[in-house]
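Engineer:
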Amino acid sequence: MSKPKSASAQTVSPFLKCRAGDLAMILEGPNTGLIVDVVQYRSVMPMSNGELVFDAWRIRHPSDEPNVVYFKEDKYLLPIRPSDLQETETDERLSEGAKQ
Numbered sequence: 001m002s003k004p005k006s007a008s009a010q011t012v013s014p015f016l017k018c019r020a021g022d023l024a025m026i027l028e029g030p031n032t033g034l035i036v037d038v039v040q041y042r043s044v045m046p047m048s049n050g051e052l053v054f055d056a057w058r059i060r061h062p063s064d065e066p067n068v069v070y071f072k073e074d075k076y077l078l079p080i081r082p083s084d085l086q087e088t089e090t091d092e093r094l095s096e097g098a099k100q
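Letter by letter, the sequence shown follows residues 1 to 100 in UniProt numbering.
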């Protein structure tokens with residue numbers, strides 16, 4: 001059975017933290033702490049200076065100019081998912097109950 005041409009990044013590399021459609025926080029660089037939309041995965045992204053960036057995501061922030069495209073390596077992004085927040089809230093309630 002062949003893989004579909006639109007294979008997700010998770011299929012390509014199971015070690016990625018982010019997935020297309022996630023919100024993520026930038027962990028490094030001048031925009032540290034900025035929350036962005038994770039849009040599209042690129043396994044190798046050639047930069048204008050000739051450098052190659054690996055496991056990069058196209059990211060978007062509402063303040064970005066429409067014709068400007070930004071990429072950030074997966075290792076410098078922290079995904080924010082609703083399931084992560086629910087898990088944290090449940091863990092906190094359980095640990096508070098154990099203290100009482």
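Yeah, the Cβ is synthetic: ideal placement off N, Cα and C, and Gly gets one too.
(1) Using CA atoms only, rank isn't needed, just tell me which of Arg81, Lys72, Ile80 and Gly33 is closest to Val44.
(2) Just to confirm the assignment, what range does the beta strand (DSSP E) spanning Arg58 have?
(3) Can you tell me whether Val36 is buried or exposed, with buried defined as 16 or more other CB within 10 angstroms of its CB?
(4) Taking the alpha-carbon positions, what's the Ile80 to Asp22 distance?
(5) Taking Ala24 and Arg42 to be in contact with their CB atoms under 8 Å, please state how far apart those CB atoms are, rounded to whole angstroms.
(6) Let me check understanding here. Comparing Cα to Cα, which of His61, Phe54 and Leu34 lies closest to Lys75?
Structural biologist: In short, the structure shows the following:
(1) Lys72
(2) Leu52 to Arg60
(3) buried
(4) 7 Å
(5) Actually they are not in contact, since the Cβ atoms of Ala24 and Arg42 sit about 15 Å apart, beyond 8 Å.
(6) Phe54
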